[in-house]
Amino acid sequence: MTIDPNQFRDIDPGKRVLMGPGPSDVSARVLQALAAPCIGHLDPYFLEAMNQTQQLLRYLFQTENALTIPVSGTGSAGMETCFVNLVEPGDEVVVCVNGVFGTRMADIVGRLGGRLTRVDAPWGRAIDPQDVRQAIDGRNPKVLAVVHAETSTGVCQPLEDLAAVAKEAGALLLVDTVTSLGGMEVAVDRLGIDAVYSGTQKCLSCPPGLSPVSLSPAALEKLERRKTPVVSWYLDMGMVAQYWGSQRKYHHTAPINMVYALREALRMIAEEGLEARFARHQLNHRALVAGVEAMGLAMLVPEPERLPMLNAVCIPDGADDAKVRDALLRGFGIEIGGGLGDLAGKVWRVGIMGEASCRRNVVLFLATLETILKTQGVAVKPGATEAAANVYDDA
Ligand SMILES: *Cc1c(COP(=O)(O)O)cnc(C)c1O
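Residue 181 in the working numbering is what sits at position 95 of the sequence shown, and the numbering runs on without skipping anything.
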C-alpha cells in the first residue's frame, strides 16, 4: 500500500472560543508546557514533576490523601478507576441518577456485578437526600455514588447532606467532580469524600487526557480487603499507587507531556488562589444568566441548584438548535453544547469553565447569540449585554 503524505496538511484548526461542556480554552502557558521535551518516565526530573503534580492536586482537592494522582485516561477512566477498585461482585451500591453521568455510573456498577440501587431525580433537578436515605433503609451499601456537577443538565448537587447519609449507612462516598473541580469548592477531607475523580479538560483548562483521582484511607482499606482481584489491570490502584508512590515500580508509562500540562494548569490555579477562582466563576455565571434572562430566555435549572460553570439555557420557541450552534461556530468560532438524551433539542449547554470563564467571553456570547437569533427570525428582548454589564459593575 502506498500513501501520498502531501495530501495531509499541517494541523491548524484555527482559534475557537470553547464555551461548551468541555474541552474548555487552554492557556498558552499550558500548551507550552505540553511542548517541553519528552524525557524518560523514570528520569529524576520527571519523578519530581510527578511529585509536584500530586502536591498541587492535593491542594486543589483540599485533601491530605496520599493516593492523589492523575490517572492516565480521560474523566471516564477516573470514573471506572473508582468503581473497579471499590466494588466487588455482590456489593450493594447506591447511585444517584439525574443525568448522563449518573446513568454512566449505574452502567459501570452493573458491569462489575454490583447490586445496584438507583435513586433518581428529574433531569435538571438535584437529588433529594431524603430519597437516598429512604432507598438505603434496611440495606448495607458499600458505596454511595453521586455526581457533584451534572454537566448534562447544569445541576449542582449539594454534598453535605449526602455525606451525612453515607456516614450513617457506613458506605464510602464516591463523587464525580469532573466539571466542578477548579470551578467551585471540592473539599474532599472536610466533606469526608472517600473516592473522587475529575478530568483535565473542564475547569482545569488543560487538554483532555488525564483524570485526577484521590482515595481516602477508608477507600484504600476497602481495596486492601478485597476478596477478588480488581478486574481492570490498567486501573488497579494497588499497582498504580506503587508507580506514583516512593517505590516507582513500573506499571505503565505515564503520559509525560500531559503531566507537564496538568502541572502547569494546576500551578496557574494555585497562583490565582482557590477563593478568587471560584468567585470568578460565580461572577461570570451571574452575568451570563442576567444577560440570557434579559433576552427573555429561561434557564433550565432553578436558581439555587445551578452550577456556575455549566449553564443550561432553554432553547426559545422558533429557534433551530443546530442552526444556531452552527452559526455560532462557523461565524464566530464559538462552541456551545447541545442537549443530551431527553434534553436534546431543548437546551443549549453554555460552559464558562477555567480560562474560558471571563467577561470577554460572556459578553461576546450574549451579543453574538442575540444577533444570530434576530437574524434567524427569533424574537428576543434587547439589553442582554447591558444586564451583564450591570452585574460586573455591581461586583
Ligand atoms: C465530561 C464528564 C465525564 C467524562 O469525562 P471524559 O473526559 O469525557 O471521559 C464524566 N463526568 C462528568 C460530570 C463530566 O462532565
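We treat Cβ as the ideally placed atom computed from N, Cα and C, and that holds for glycine. In this text the structure is predicted, and so the values were computed from the model without any measurement.
Within the chosen limit of 7 Å, ligand 1 does not reach the beta carbon of Val436 with any heavy atom.
Boundaries of the beta strand (DSSP E) harbouring Pro156: Leu153 to Ser158, taken from the DSSP string.
Between ligand 1 and the CB of Ser110, the shortest heavy atom gap is not smaller than 7 Å.
Here Ser300 is bridged, per DSSP, to Thr154 and Val282. Between Thr263 and Pro227, the C-beta spacing is not below 8 Å.
Per the coordinates, the alpha-carbon of Leu117 lies some 7 Å from the alpha-carbon of Ala347. Trp434 is bridged by DSSP to Val399 and Gly424. Annotation for Ala362: the continuous alpha helix (DSSP H) segment containing it runs Leu360 to Ala380.
Per DSSP, Asp217 is one residue of the alpha helix (DSSP H) stretching across Pro215 to Ile222. Annotation for Thr457: the continuous alpha helix (DSSP H) segment containing it runs Arg445 to Thr461. Counting only runs of 4+ residues, the alpha helix (DSSP H) found wholly inside the segment 118-197 occupies 130-147, 161-172 and 186-197, in chain order.
About 13 Å separates the CB atoms of Gly268 and Leu396; that is not less than 8 Å, and the two are not in contact.
Under DSSP, Met385 forms a beta bridge with Val399.
Taken through DSSP and simplified to helix, strand or coil, Glu236 comes out as strand. If you check the C-beta of Ser162 against ligand 1, you find a heavy atom less than 7 Å away. Annotated three-state conformation of Leu290 is coil, per DSSP. A distance of 8 Å or more separates the beta carbons of Val170 and Leu296.
Rounded to whole angstroms, Gln368 and Thr314 show a C-alpha spacing of 44 Å.
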